[in-house]
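Student:
In UniProt numbering, the protein residues as written are 1 to 240.
1. If I measure Cβ to Cβ from residue 93 and keep anything under 8 Å in the same chain, skipping five residues before and after, which residues do I get?
2. I'd like to know if residue 172 contacts chain D, where contact means its C-beta is closer than 8 Å to some C-beta of that chain.
3. Going by DSSP, which residues form a beta bridge with residue 78?
4. Hey, how far is the Cα of residue 116 from the Cα of residue 16?
5. Quick one: what's got a C-beta closer than 6 Å to residue 191's C-beta in the same chain, skipping five residues either side?
6. State the start and end residues of the unbroken beta strand (DSSP E) segment that holds residue 223.
7. In chain order, what are the residue ranges of uninterrupted beta strand (DSSP E) at least 3 long that sit wholly in the stretch 93-155?
8. In whole angstroms, what separates the C-alpha of residue 209 from that of residue 177?
9. Using three-state DSSP, classify residue 84 as helix, strand or coil.
10. Could you have a look at residue 60 and say whether DSSP puts it in helix, strand or coil?
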């Protein structure tokens with residue numbers, strides 16, 4: 001069901017929405033309008049929001065807080081091209097209060113302008129160890145060397161039940177993937193993991209990259225491709 005179709009009933013006590021996709025093309029978003037719809041949609045099970053822009057100085061915290069308070073039936077959440085680097089407390093609250101099965105934070109700049117990105121990712125990983133979650137995408141977040149932290153998803157008494165992990169386009173260098181693979185060998189996932197590593201610069205050290213892939217194969221079904229890092233003008237210089 002589209003957002004336009006619910007306009008006539010916007011101010012009713014409750015909306016029958018179970019699935020909602022919002023792809024925004026204008027420069028700035030009317031956040032109040034969107035959160036009003038979400039508050040009236042207690043049965044919403046699937047939500048996909050892409051491209052939401054707010055005025056300078058505003059945060060996406062209100063969106064995340066609304067989801068935490070009003071949308072307890074959510075099973076699948078995709079946030080795409082949305083700046084979330086200043087919203088970690090709200091993300092943690094959302095994850096701890098829901099039963100998500102599928103979660104995507106794609107191109108959400110999770111570690112942007114972060115003084116200690118590893119610490120931030122450790123906190124996020126701890127919250128992601130929910131038993132219901134089986135599919136996680138962190139594509140296009142420039143995780144780079146911090147990818148090693150994600151191996152902690154499968155360590156400790158509380159382990160993740162993930163079956164799919166999408167790490168596309170994260171500027172993961174071969175040496176960092178090798179370290180990730182070593183840690184995953186120590187704490188392998190309970191289920192064979194579908195691991196998407198496409199569009200990472202494995203060509204910068206093919207031998208190390210291939211060694212890492214071999215170490216990952218016993219625990220993971222790997223999605224890779226012959227991508228060349230020189231084919232793109234985008235690079236994460238600070239992590240080289």
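By construction, the Cβ of each residue, glycine as well, lies at the ideal position given by its N, Cα and C atoms.
Tutor: Taking the structure as given:
1. Position 93 of the chain shown, counting from 1, holds the residue named residue 93. Closer than 8 Å at Cβ, skipping near neighbours: 64, 65 and 68.
2. Judged by its chain identifiers, the structure shown contains no chain D, having just a single protein chain.
3. Along the chain shown, one-based indexing puts residue 78 at 78. According to DSSP, which records beta bridges pairwise, residue 78 is partnered with 48 and 104.
4. As a first step, residue 116 must be located in the chain shown, where it is residue number 116. As a first step, residue 16 must be located in the chain shown, where it is residue number 16. Residue 116 and residue 16 have their alpha carbons spaced roughly 42 Å apart.
5. The sequence position of residue 191 within the chain shown is 191, counting from 1. 163.
6. Taking the chain shown and counting its residues from 1, the one referred to as residue 223 is at position 223. Following the DSSP letters along the chain, one finds residue 223 inside the beta strand (DSSP E) bounded by residues 220-223.
7. Every beta strand (DSSP E) stretch that sits fully inside the stretch 93-155 and reaches 3 residues is listed by chain position as 102-106 and 135-137.
8. Indexing the chain shown from 1 puts residue 209 at position 209. Indexing the chain shown from 1 puts residue 177 at position 177. Distance from the CA atom of residue 209 to the CA atom of residue 177, rounded to whole angstroms, is 7 Å.
9. As a working note, residue 84 is residue 84 in the chain shown. Correct three-state label for residue 84: coil.
10. Looking up residue 60 in the chain shown gives position 60. Coil, per DSSP.
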